[in-house]
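Protein chains in written order, with my numbering: chain A, 6 to 170; chain B, 6 to 170; chain C, 123 to 283; chain D, 123 to 283.
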Amino acid sequence: MYLKSLEMIGFKSFADRTRLEFETGMTAIVGPNGCGKSNVSDAIRWVIGEQSAKALRGAKMEDCIFNGTEERKPLGMAEVSLTLGDCDGLADMDFHEITVTRRVFRSGEGQYFLNKAPCRLKDIQRLFMDTGIGAASYSLMEQGRIDQVLSSRPEDRRAIFEQAS
Amino acid sequence: MYLKSLEMIGFKSFADRTRLEFETGMTAIVGPNGCGKSNVSDAIRWVIGEQSAKALRGAKMEDCIFNGTEERKPLGMAEVSLTLGDCDGLADMDFHEITVTRRVFRSGEGQYFLNKAPCRLKDIQRLFMDTGIGAASYSLMEQGRIDQVLSSRPEDRRAIFEQAS
Amino acid sequence: TTEMFRRTFDQINANFETMFGKLFRGGAAKLVLVNEEDILECGIEIIARPPGKRLQNISLLSGGERTLTAVALLFAIYMCKPSPFCLLDEMDAALDEANISRFVKILEGFLKLSQFIVITHNRQTIAAAGTLYGVTMPKKGISKIVSMKFRDFEKQAEPAA
Amino acid sequence: TTEMFRRTFDQINANFETMFGKLFRGGAAKLVLVNEEDILECGIEIIARPPGKRLQNISLLSGGERTLTAVALLFAIYMCKPSPFCLLDEMDAALDEANISRFVKILEGFLKLSQFIVITHNRQTIAAAGTLYGVTMPKKGISKIVSMKFRDFEKQAEPAA
Ligand SMILES: Nc1ncnc2c1ncn2[C@@H]1O[C@H](COP(=O)(O)OP(=O)(O)OP(=O)(O)O)[C@@H](O)[C@H]1O
Ligand SMILES: Nc1ncnc2c1ncn2[C@@H]1O[C@H](COP(=O)(O)OP(=O)(O)OP(=O)(O)O)[C@@H](O)[C@H]1O
Ligand SMILES: [Mg+2]
Ligand SMILES: [Mg+2]
C-alpha cells in the first residue's frame with residue numbers, strides 16, 4: 006500500500022480544492038510559518054479516522070471546516086480524499102486502488118466513503134488497522150510530539166510498542 | 006544592575022573552571038547538540054536561587070554536580086559564581102559590585118556566599134526579588150518553555166503577570 | 123492591590139496589542155480577564171488573530187504563530203517591567219527566517235534597557251549578537267567555552283560532508 | 123500474547139541499541155520493562171548514554187539529544203514493523219546540522235520500505251527529498267500548494283532584507 010494523492014476542499018486553511026500527488030520515496034513539505042503545512046498533516050490524520058478534535062488542535066470537529074478570512078466567507082463543509090495504490094489484500098477489499106473520503110458539516114454530521122460508496126467511520130478505521138497506520142500511530146508524528154516519546158510516563162509510553170506487536 | 010561574569014566549576018558538564026564575561030547588549034551562546042549551552046542557563050538559574058531540581062532537568066540537586074565521563078572521575082562539589090555590576094541600592098547592599106556564589110556537595114549540603122561572606126539562600130533570593138529575576142521569572146526562558154506560555158491553563162498563566170506587577 | 127494589578131494588566135495588554143501587530147505586521151491580539159469580579163485570582167485568556175485571518179482559538183495557530191504570540195506577550199511584559207538581564211534558550215526554534223528577522227529587530231530595541239543572553243542555532247540571531255561564545259566538547263562530556271567571531275561560527279555551522 | 127509482546131519488545135530493543143549507536147556514532151541505549159512479572163501492563167523505561175558520557179537520567183539529556191534518542195526509538199519500531207507511509211512534522215526542529223545529516227542518511231535507508239512525508243524548514247532534509255511541495259498563502263488565510271524544485275526553495279528561504 007502506498008499514498009497516491011490527497012485532495013482537500015474546505016479543510017482548515019485549504020478553502021479551495023487542492024491536490025497533492027505523492028511519489029515513492031521522500032516528499033518534503035515546506036513554507037513559512039502559518040501557511041498550512043501542519044494542516045496537510047491534520048487532513049491526512051483526519052481522513053484516516055482521527056476522532057479527537059484536540060489531536061487536530063481544535064475544540065470540536067467543526068473547527069476543521071474553513072472558517073473564512075477577512076475577504077472570504079466561511080464554508081459549510083470540509084472534505085478530504087486520500088487515494089492509496091496497491092491495496093490488494095487489504096481488509097476485505099478487492100480493489101487495487103482505494104479512495105477514502107471524509108466530510109464534515111457545520112451541524113457536526115459526518116459522511117464517509119470508500120471508492121465513492123457510503124460507509125461508516127469504522128470501515129475506514131478497520132482498513133488501516135493492520136497496516137500500523139491510524140490515530141496516534143507511531144508513524145504519524147505531529148509537530149512537537151517527538152519530545153513526548155521521552156517525556157511521557159513509562160506506562161503511557163507502551164502504546165506505541167503495542168501498536169507494533 | 007547588569008551581568009559582568011559567570012564562573013562555573015564542577016557544574017554539570019563544566020568539570021573544569023570556566024568563565025564567561027558578559028558585555029552590555031546581546032550575547033549569543035552557540036554550539037552543537039549536547040555540548041552544554043543549556044547547562045550555562047541552568048547554572049545562572051541555579052546560582053540565583055532555583056530550588057527545584059526538576060526545573061534544572063534533574064531528580065535531585067546532586068544531579069548538578071559533574072558526574073564523570075569515561076575518562077574522568079565524578080567530582081564531589083559544584084560551584085557557580087555570578088558577578089553583577091552597578092548594584093548600588095539593591096536590597097540593603099552597599100556594594101557597587103556583587104558576587105553571588107553557590108555550592109552543593111554530594112551530601113546535598115549547600116553553601117551560599119555574597120562577596121565571599123557566607124549567607125543563606127534566602128539572602129540571595131531576596132537580592133533578586135525586586136528586579137524581576139528569580140526562579141520561574143518571565144525573563145529566564147528555558148528551552149521548550151515558550152510554548153507553555155500559551156498552552157498553560159488561564160489560571161496558571163497568571164504567575165508571569167503577577168511577577169510584573 | 124487590585125488597583126495595582128489592574129493597572130499593570132492594562133499596561134501589559136496595551137503593549138501586547140502593539141507588540142503582536144509589529145511581530146505579525148498586522149492582525150490583532152488582546153488579553154482578557156476571565157472573571158472581572160475576581161481579578162486577583164481569575165485566569166487570563168489570550169486572544170490572537172494573525173493578519174487577514176479570522177479569530178479562532180489559539181490552539182489552532184501554527185507552531186511558529188504560537189511562538190510569535192508568546193514572544194509578543196513576553197516583550198509586552200518586558201516593556202512594562204524590564205529586568206536587568208534576560209536569558210532566552212532557543213526561543214527561535216519554531217520560527218521561519220522572516221519571523222526571526224522581525225523577532226531580532228524588536229529584541230534589539232530592548233538592548234538599551236536590558237542585557238540579553240540568547241542560546242541559538244540560528245544565523246540571523248547570532249549575527250545580531252555583540253558577543254559570541256561557542257560551547258564545545260573537545261573531550262567528550264566536558265564542556266569548554268571559546269570566545270568566537272561570527273565568521274568562526276559560519277565555518278563551524280557547515281555540516282560535516 | 124505475552125509471548126508475542128516479549129518477542130516484539132526484544133526485537134525493538136535490539137534495533138534501538140543499533141539505531142542509537144548509528145545516530146550518536148557511539149554510546150549505548152536500551153529499553154527496560156519496569157516489571158518483568160507483568161510485561162503486558164508495566165511501563166517501559168528508556169536508558170540512554172551518549173558516547174563518552176556517563177549514564178544519567180534521560181531528563182538530563184539536551185534538547186537535541188532527546189530528539190535523537192526518540193528518533194532512534196521510532197526507527198527501531200519502523201524496522202520491526204514498517205508502515206506503508208510515515209508522516210513527520212518538523213522532527214528535525216531541535217537538531218543541529220551534523221545530527222540532521224545523520225538523521226537524513228538513516229531515513230533514506232527506510233525509503234525502500236516506506237513512503238515518507240516530512241514537513242521541515244531545514245535545507246539538508248529538503249535536499250534529500252525526491253518531491254518538494256511549497257505551501258503558501260498568496261491570499262491571506264487561504265493555503266495554496268505549489269510543486270517546487272530545490273532551487274526555488276533556496277531562493278524563497280532567503281529572509282526579506
Ligand atoms: N478551520 C480553519 N479555517 C481557516 N483557517 C484555519 C482553520 N484552522 C486553522 N487555520 C489556520 O491555519 C493556520 C495554521 O496552519 P499550520 O499549522 O498548517 O501552519 P504551518 O505551516 O504548519 O506553520 P509552522 O511552520 O509555524 O508550523 C493558522 O493560522 C490557523 O489560523
Ligand atoms: N551532572 C552532570 N555531569 C556531567 N554531564 C552532565 C551533567 N548533567 C548534564 N550533563 C550533560 O550535559 C549534556 C546536556 O547539555 P545541554 O543541555 O547544555 O546541551 P545543549 O548545548 O543545550 O544542547 P541542545 O542544542 O541539544 O539543546 C547532556 O549530554 C548531559 O549528559
Ligand atoms: Mg506546523
Ligand atoms: Mg539546549
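Ideal placement from N, C-alpha and C gives every residue a C-beta, glycine not left out.
**OP:** Could you list which residues in chain B have their beta carbon closer than 7 Å to that of residue 182 of chain D, in chain order?
**Re:** At a beta-carbon threshold of 7 Å, the residues of chain B lying near residue 182 of chain D are 62, 63 and 68, ordered along the chain.
Subject >> Alpha carbon of residue 283 of chain C to alpha carbon of residue 276 of chain C, nearest angstrom >> reply: Residue placement at residue 283 of chain C is flagged as unreliable, the pLDDT there being 43, under the threshold of 50; the coordinate-derived value follows with that caveat. Answer to the nearest angstrom: the Cα atoms are 15 Å apart.
Original post:
What is the DSSP secondary structure of residue 283 of chain D, reduced to helix, strand or coil?
Top reply: Unreliable placement is indicated for residue 283 of chain D, whose pLDDT of 43 sits below 50; the coordinate value is still reported in the next sentence. The three-state reading of DSSP puts residue 283 of chain D in coil, since its state is none of H, G, I, E or B.
Original post:
Anyone know if the C-beta pair for residue 49 of chain A and residue 209 of chain D falls short of 9 Å?
Top reply: Cβ atoms of residue 49 of chain A and residue 209 of chain D: closer than 9 Å.
Original post:
How about residue 137 of chain C and residue 186 of chain C: do their beta carbons lie closer than 9 Å?
Top reply: In terms of Cβ geometry, residue 137 of chain C and residue 186 of chain C do not form a close pair [threshold 9 Å].
Original post:
Exposed or buried, which one is residue 243 of chain C when buried takes at least 16 other CB atoms within 10 Å?
Top reply: Residue 243 of chain C counts as buried, since at least 16 other C-beta atoms from the protein chains shown sit within 10 angstroms of its C-beta.
Subject >> Beta-carbon neighbours of residue 8 of chain A, restricted to chain D and to distances below 8 Å >> reply: Going along chain D in sequence order, the residues near residue 8 of chain A (Cβ under 8 Å) are 206, 207, 237 and 239.
Subject >> Beta carbon proximity, residue 271 of chain C to chain A, threshold 9 Å >> reply: Interface annotation, residue 271 of chain C: not in contact with chain A, CB-CB separation never under 9 Å.
Original post:
Residues of chain C with a CB under 7 Å from the CB of residue 21 of chain B: which are they?
Top reply: Near residue 21 of chain B (Cβ distances below 7 Å), the residues of chain C are 264.
**OP:** May I ask you to list the residues that DSSP assigns as paired with residue 124 of chain B?
**Re:** In the DSSP assignment, the residues bridged to residue 124 of chain B are B:117.
Subject >> 8 Å Cβ cut-off: residues of chain D touching residue 159 of chain A >> reply: Listed by position along chain D, the residues whose Cβ is nearer than 8 Å to that of residue 159 of chain A are 156, 164, 165, 166 and 167.
Subject >> CA-to-CA distance, residue 156 of chain A to residue 204 of chain D, given in whole angstroms >> reply: The C-alpha of residue 156 of chain A is placed about 24 Å away from the C-alpha of residue 204 of chain D.
Original post:
Is there at least one non-hydrogen atom of ligand 2 closer than 8 Å to the beta-carbon of residue 113 of chain A?
Top reply: Checking the Cβ of residue 113 of chain A against ligand 2 gives no.
Original post:
So is residue 176 of chain C in contact with chain A if we call contact Cβ pairs under 9 Å?
Top reply: Yes, contact with chain A.
Subject >> Where the beta strand (DSSP E) through residue 261 of chain D begins and ends >> reply: Segment 253 to 261, the beta strand (DSSP E) holding residue 261 of chain D.
Original post:
What are the boundary residues of the beta strand (DSSP E) that includes residue 239 of chain D?
Top reply: Its beta strand (DSSP E) spans residues 237 to 241.
Original post:
Taking 9 Å as the CB-CB cut-off, is residue 274 of chain C touching chain A?
Top reply: No, because no Cβ of chain A sits closer than 9 Å to the Cβ of residue 274 of chain C.
Original post:
Is the beta carbon of residue 264 of chain C sitting closer than 9 Å to the one on residue 35 of chain B?
Top reply: No, the Cβ-Cβ distance between residue 264 of chain C and residue 35 of chain B is not below 9 Å.
**OP:** Starting from residue 42 of chain B, follow its DSSP beta bridges and name the residues at the other end.
**Re:** None; residue 42 of chain B has no bridge partner.
Original post:
So, does the CB of residue 115 of chain B fall closer than 9 Å to a CB anywhere in chain D?
Top reply: By this cut-off, residue 115 of chain B is not an interface position.
Original post:
Are the Cβ atoms of residue 75 of chain B and residue 128 of chain D separated by less than 9 Å?
Top reply: Taking the C-beta atoms as reference points, residue 128 of chain D is found no nearer than 9 Å to residue 75 of chain B.
Original post:
Is residue 211 of chain C helix, strand or coil when you go by DSSP?
Top reply: DSSP places residue 211 of chain C within a strand segment (E or B) once states are collapsed to three.
Original post:
Which runs of the alpha helix (DSSP H) spanning at least 4 residues fall entirely within the stretch 146 to 202 of chain C, listed in chain order?
Top reply: Complete alpha helix (DSSP H) runs here, min 4: 185 to 202.
Subject >> CB contact check: residue 212 of chain C to chain A, cutoff 9 Å >> reply: At a cut-off of 9 Å between beta-carbon atoms, residue 212 of chain C makes no contact with chain A.
Original post:
Hey, residue 115 of chain A and residue 126 of chain A: beta-carbon distance below 9 Å or not?
Top reply: Annotated as proximal: residue 115 of chain A and residue 126 of chain A, with beta-carbon spacing under 9 Å.
Original post:
Given residue 237 of chain C, which residues of its chain have a CB within under 8 Å of its CB, disregarding the five upstream and five downstream residues?
Top reply: Scanning its chain for C-beta atoms nearer than 8 Å, with the 5 sequence neighbours on each side dropped, one finds around residue 237 of chain C the residues 206, 207 and 208, in chain order.
Original post:
When the cut-off is 9 Å and only beta carbons count, does residue 283 of chain C lie next to chain A?
Top reply: Its pLDDT being 43, under 50, residue 283 of chain C is placed unreliably in this model, and the value from its coordinates should be taken loosely. So, not an interface residue.
Subject >> Closer than 7 Å at the beta carbon, the chain B residues around residue 221 of chain D >> reply: Per Cβ cutoff of 7 Å: 38.
Original post:
How long is the line joining the alpha carbons of residue 168 of chain A and residue 194 of chain D, rounded to whole angstroms?
Top reply: Rounded to whole angstroms, residue 168 of chain A to residue 194 of chain D spans 17 Å at the Cα level.
**OP:** Report, in whole angstroms, the separation of the C-beta atoms of residue 258 of chain C and residue 40 of chain B, which I expect to be a contact under 8 Å.
**Re:** The C-beta distance from residue 258 of chain C to residue 40 of chain B rounds to 6 Å, short enough to fall under 8 Å.
Subject >> Close-in-space but distant-in-sequence residues of the same chain around residue 83 of chain A (CB under 6 Å, 5 per side omitted) >> reply: Take residue 83 of chain A, set aside five residues on each side of it, and the residues of its chain with a beta-carbon closer than 6 Å to its own are 15, 16, 69, 70 and 109, in chain order.
**OP:** Give me whichever residues DSSP pairs with residue 90 of chain A in a beta bridge.
**Re:** Per DSSP, A:7.
**OP:** Quick one: which residues of the stretch 139 to 170 of chain A get their C-beta closer than 7 Å to a C-beta of chain G? List them in chain order.
**Re:** Of the protein chains in this structure, namely A, B, C and D, none is chain G.
**OP:** Name the two residues that bound the continuous alpha helix (DSSP H) containing residue 232 of chain C.
**Re:** DSSP places residue 232 of chain C inside the alpha helix (DSSP H), whose first and last residues are 219 to 232.
Original post:
Straight-line CA distance for residue 138 of chain B to residue 197 of chain C?
Top reply: About 15 Å.
Subject >> Where residue 84 of chain B falls: helix, strand or coil (DSSP) >> reply: Annotated three-state conformation of residue 84 of chain B is strand, per DSSP.
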